[in-house]
Ligand SMILES: N[C@@H](CCC(=O)N[C@@H](CS)C(=O)NCC(=O)O)C(=O)O
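As structure tokens, then:
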């Protein structure tokens, strides 16, 4: 069941529509997924990525999504939105002890130690694919990513989630790792690959994804022509 509720206190900003390459990867997926997991209602506020509104440029230093409003509070960075939601629900972030420390450590690990290499991988294999420098960089980048994935493979061997239970760290890590979904790099790390698949199989993920894509479909440029 969707947690979208136009009367909700929490507002998550996404885009009305994005080009195909970005479908399913826009980062408002992270707080949407967290809301679904914790049963927290939220309203959507959708911006035009081709003509970003002033309220988005004012609220996010780089003019990006997601941003989140909760009453008078405004947050940017998807990681900050996950932490904010985590404070509202123990289902997302354990309250104390090693379980909380694990969730915080792996959350930051996803964003600091893994995501930068995912950015570069997308750049080298997609956006700059034809460039000479990208071809030269690819082997050493793949080696670097493999070294980053090896400890994750160890951690996830025989374990369902990064901590004792599913937390915002898993929302962060799964959404970060999806960037290399279907690659040989991920396939070479079967426990990590199975973990990403397990995350994507959760009903909360499916609902968050469906809601993001539904907005894109509603607002597809073709449908708007002539309106
Ligand atoms: N570190 C930021 C990254 C946000 C980000 O990259 N947002 C993308 C969508 S996934 C965006 O708005 N891109 C459009 C742009 O940069 O103009 C976060 O995690 O919130």
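In this note's numbering, the protein residues as written are 1090 to 1316. Using N, Cα and C, we set each Cβ at its ideal position, and we do this for glycine too. Since we're looking at a predicted model, the values are computed, not measured.
Q: Find out if the Cβ-Cβ distance for the pair residue 1263, residue 1288 is shorter than 8 Å.
A: yes
Q.
By the DSSP assignment, the beta strand (DSSP E) with residue 1101 in it spans what residues?
A. 1099-1104
Q. What residue from 1137, 1161, 1295, 1223 has the CA that sits closest to residue 1309's CA?
A. 1137
(Q) For the alpha helix (DSSP H) containing residue 1281, name the first residue and the last one. (A) 1279-1289
Q) Taking 7 Å as the cut-off, is the CB of residue 1116 close to at least one heavy atom of ligand 1? A) yes
Q: List the residues that DSSP assigns as beta-bridge partners of residue 1262.
A: Looking at the DSSP assignment, residue 1262 forms no beta bridge with any residue, so it has no partner.
Q. Is residue 1108 near ligand 1, in the sense that its beta carbon is under 7 Å from a heavy atom of that ligand?
A. no
**Q.** Sufficient close CB pairs (3 or more, under 8 Å) joining the segment 1213-1233 to the segment 1241-1260
**A.** no
Q) Where does residue 1206 land, buried or exposed, given buried means 16+ other C-beta within 10 angstroms? A) buried
**Q.** Residue closest to residue 1278, alpha-carbon to alpha-carbon, out of 1142, 1241, 1101
**A.** 1241
Q: Take residue 1297 and list the residues in its own chain whose beta-carbon comes closer than 6 Å to its own, dropping the five residues that flank it on each side.
A: 1118, 1121, 1122, 1125
Q. By Cβ distance below 8 Å, which residues in the same chain neighbour residue 1177 in space, the five residues on each side in sequence not counted?
A. 1127, 1129
Q: Using three-state DSSP, classify residue 1135 as helix, strand or coil.
A: strand
Q. Taking the alpha-carbon positions, what's the residue 1269 to residue 1285 distance?
A. 10 Å
Q | Proximity to residue 1317 [Cα-Cα], best of 1096, 1112, 1102 | A | The displayed coordinates of the chain run from 1090 to 1316. Any statement about residue 1317 would go beyond what the structure contains.
(Q) Using only CA atoms, which one of 1195, 1159, 1228, 1198 lies nearest to residue 1210? (A) 1228
Q | Chain-order list of residues whose beta-carbon lies under 7 Å from that of residue 1188 (same chain, five-residue window excluded) | A | 1252, 1253
Q | Where residue 1282 falls, given that 16 or more other Cβ within 10 Å makes a residue buried | A | buried
Q | Among 1231, 1214, 1103, 1116, the one whose alpha carbon lies nearest that of residue 1145 | A | 1103
Q | Anticipated Cβ contact below 8 Å, residue 1265 with residue 1185, distance rounded | A | No, residue 1265 and residue 1185 are not in contact; Cβ-Cβ is about 26 Å, not under 8 Å.
**Q.** Check whether residue 1196 and residue 1258 have beta carbons under 8 Å apart
**A.** yes
**Q.** Assigned secondary structure, residue 1164 (DSSP; H/G/I helix, E/B strand, else coil)
**A.** strand
Q.
Considering only DSSP beta bridges, list what residue 1156 is partnered with.
A. 1165
Q. Which of the three DSSP states, helix, strand or coil, is assigned to residue 1129?
A. coil
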